[in-house]
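Heads up: the structure comes next, in structure tokens.
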Amino acid sequence: MTKGVVTRFAPSPTGFLHIGGARTALFNWLYARGRGGRMLLRIEDTDRKRSTKEAIDAILDGMRWLGLEWDDEPVYQHTRVSRHQEVVSELLEKGLAYRCYATPEELEEMRNEAHAEGRTAVYNGLWRDRDPADAPASVEPAVRFKGPKDGETVIDDQVMGTITVANKDLDDLIIQRSDGTPTYNLAVVVDDHDMGVTHAIRGADHLTNASRQAQIYEALGWEAPVFAHVPLIHGPDGAKLSKRHGALSVQAYRTMGYLPEALRNYLVRLGWSHGDDEIFSTDQMIEWFDLPQIGRSPARFDFDKLENLNAHYIRQGDDQALADCARALVGELSSGECPPNAENDEAWEKLVTAMPGLKERAKTVADILNSGRFVFVARPLDFDDKAKALLDADGRAVIQGLVDPLSAIDVWSVENIENAVRQYAERADLKLGKIAQPLRAALTGRTVSPGIFDVVFALGKDEAIARIVDQAG
RNA sequence: GCCCCGUUCGUCUAGCGGUCUAGGACGCCGGCCUCUCACGCCGGAAACACGGGUUCGAGUCCCGUACGGGGUGCCA
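Here it is as structure tokens:
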């Protein structure tokens with residue numbers, strides 16, 4: 085019975101979609117898609133103060149860019165508070181919850197006491213069985229769930245295995261704040277149930293919550309979803325992921341020039357494996373992805389591997405699509421990274437022509453723009469120091485000899501250009517490198533570029549010869 | 001402090017008691033190819049955290065220690 089699988093991605097809109105959230109979303113998406121199920125999206129915004137429209141937009145935008153389409157309309161949790169309150173009332177009526185009038189000071193004291201006594205549970209049950217008649221009129225009560233005091237709560241987690249927690253270590257958690265709004269643990273249970281969620285795949289930071297939620301499901305007589313808690317992603321130093329090393333928005337990866345398929349491939353392989361396989365098409369991921377193959381220990385984020393995968397997908401990429409992708413990046417890059425004359429359509433066409441050689445060398449889309457810069461620059465070119473050195477008297481003389489043979493070419497093709505240059509080399513008794521390097525310098529202003537014949541070709545006959553003449557002597 | 005989880009090359013991981021003198025990938029080193037740089041190809045260095053058990057036999061099972069992570073909120 086896998087037909088009815090329903091997963092959900094449930095971010096709280098307090099910030100952008102970062103790499104960890106993206107992986108959680110990906111896992112939910114893959115699991116649902118692989119089983120003919122649905123993935124729902126729920127925005128956990130019960131904490132209105134910390135939730136922003138910008139964050140919501142960033143999350144939705146990030147998911148779309150990654151190609152993780154959700155089913156149905158997103159559910160905004162704050163719109164469901166009356167339903168949450170209804171469930172709280174039900175719990176209250178059945179004696180499965182109670183009002184707690186404890187003050188912040190009393191709570192603080194309990195905390196210190198628990199710590200001193202080496203207990204996990206903090207709340208000492210002050211109002212658990214107390215007569216409501218004792219309630220101080222001045223205090224608005226919060227509502228606490230009345231959990232079992234004895235025995236243990238066991239959840240069968242698809243990733244973490246069987247997790248057993250003694251009930252005495254789980255104190256009565258607040259399910260409704262004194263202002264009447266529901267808290268996370270109550271809202272998740274109600275919403276997952278109402279939305280028909282069958283599998284809750286989320287970060288391991290929710291593992292403790294799962295035990296508490298299991299108790300609430302039990303109290304309500306509802307069936308809990310299958311839980312799968314995915315270990316968090318760490319930075320290269322093993323510590324929590326920080327902005328410095330990868331806790332960036334997925335949009336930041338886009339502007340750095342990463343392809344969504346590369347990020348997906350990297351992310352799916354981080355903590356999950358399918359034998360020795362490294363490269364996965366989306367269809368393969370969907371077919372092979374499963375929960376038990378997810379590892380239980382946190383994985384470190386490794387830019388090198390992401391970059392390698394990105395280079396792989398760039399090499400496989402369609403030339404025009406890559407150029408479009410590069411062009412879309414222009415507005416987002418700093419002026420130093422941006423090619424000059426970026427509004428020149430002709431230059432973009434040349435970029436497509438040069439793409440086979442460019443994409444072979446690029447690790448990111450930004451690299452394509454950088455190494456393809458020569459199609460954008462206008463004469464007279466700027467030269468870096470090494471290029472200048474190549475264009476000494478010798479170099480200038482050598483490329484001077486290229487003007488006539490290239491001018492004589494009727495059909496401007498890579499093959500004809502190569503023949504012309506090689507014949508010239510033979511006549512002049514020069515090794516190809518002796519010609520290619522000064523030529524490269526004259527055409528690109530640099531000493532590194534795609535294959536020289538491809539560069540000559542991509543520039544076009546007039547431009548190529550003009551650049552040579554500029555430097556010949 | 002207490003509760004839960006984890007620990008195989010630098011990193012991501014394969015391994016589910018004998019096939020492990022531990023495999024793959026990234027990175028690194030060397031070589032080949034070569035018009036530069038890449039790509040590609042070939043080769044190399046590199047790991048079972050530690051200590052006890054269980055077993056004919058342990059990377060694989062159990063216990064402990066160390067280390068790491070998560071939780072311990074009227075945040076999610």
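Residue numbers 85 to 557, in the working numbering, belong to the letters of the first sequence in order.
Virtual Cβ for every residue (Gly too), placed ideally from N, Cα, C.
Mapping the DSSP letters down to three states, classify residue i as helix, strand or coil.
i, result
"D402", "coil"
"M85", "Because the pLDDT of M85 is 47, which lies under 50, any placement of that residue in the model is unreliable, and the number read from its coordinates should be weighed accordingly. Coil."
"E236", "strand"
"S333", "strand"
"Q242", "coil"
"T248", "strand"
"Y508", "helix"
"R286", "strand"
"K470", "helix"
"T91", "strand"
"Y182", "strand"
"H318", "strand"
"R551", "helix"
"V227", "strand"
"W432", "helix"
"K545", "helix"
Suppose the cutoff is 7 Å on Cβ atoms and the five residues either side in sequence are ignored; what does the same chain contact list for residue i look like?
i, result
"T265", "T130 and V165"
"V243", "A312, H313, V314, L375, I378 and R380"
"A106", "G146, L150, V334 and L351"
Given residue i, which residues of its chain have a CB within under 6 Å of its CB, disregarding the five upstream and five downstream residues?
i, result
"A395", "K447"
"R569", "This structure cannot settle anything about residue 569, because the visible part of the chain is limited to 85 through 557."
Quick one: give me the first and last residue of the alpha helix (DSSP H) that residue i is part of.
i, result
"H277", "Y268 to D278"
"R297", "Looking at the sequence itself, residue 297 is Gln, so the reference to Arg does not match. Note, Q297: alpha helix (DSSP H), L291 to L304."
"I493", "It is not in any alpha helix (DSSP H) - I493 carries neither H nor E in the DSSP assignment."
"R353", "P344 to R353"
"D209", "Correcting the residue identity first, residue 209 is Gly in this sequence and not Asp. Careful: G209 lies outside any alpha helix (DSSP H) and carries neither H nor E."
Between the options, which lies nearest to residue i when the distance is taken from Cα to Cα?
i, options, result
"G235", "T246, K252, F229 and T292", "K252"
"L465", "L453, R530 and R212", "R530"
"V274", "L254, S262, T437 and H168", "H168"
"A142", "K545, Y508, L332 and N428", "L332"
"Q161", "L124, T282, E138 and L114", "L124"
"D403", "E444, N425, D554 and G121", "E444"
"L413", "T204, I285, M340 and E430", "M340"
"A526", "E547, K515 and Y342", "E547"
"T292", "G319, A250 and D278", "A250"
Enumerate in chain order the residues of its own chain whose CB-to-CB distance from residue i is below 8 Å, with the five nearest sequence positions on each side excluded.
i, result
"L270", "H168, V171, V172, F229, I259, Q260 and I300"
"T86", "Low confidence applies to T86: its pLDDT is 48, below 50, so where it sits in the model is not reliable enough to give any reading."
"N425", "A431, F460, V461 and A462"
"K515", "A509"
"V543", "First, the residue type needs correcting, since residue 543 is Leu and not Val in the sequence shown. Cβ neighbours of L543 beyond the five flanking positions: K434, F458, V459, L527 and R551."
"L343", "N394, Y397, I398, G401, C409 and V449"
Check for me: the beta strand (DSSP E) holding residue i runs from which residue to which?
i, result
"V314", "V310 to V314"
"Q521", "Unbroken run through Q521 is the alpha helix (DSSP H), L516 to T528; no beta strand (DSSP E)."
"I363", "From DSSP, I363 is part of no beta strand (DSSP E); its letter is neither H nor E."
"Q377", "Where Q377 is concerned, there is no enclosing beta strand (DSSP E), given that its DSSP letter is neither H nor E."
Taking the runs of the beta strand (DSSP E) that are 3 residues or longer, which of them lie wholly in the stretch 95–180?
-> For the stretch 95–180, the continuous beta strand (DSSP E) assignments of 3+ residues that do not extend past its boundaries occur at 122–127, in sequence order.
Output the residue ranges of the alpha helix (DSSP H) runs that lie fully inside the stretch 379–426 and measure 4 residues or longer, sorted by chain position.
-> Qualifying alpha helix (DSSP H) stretches, in chain order: 387–400 and 403–413.
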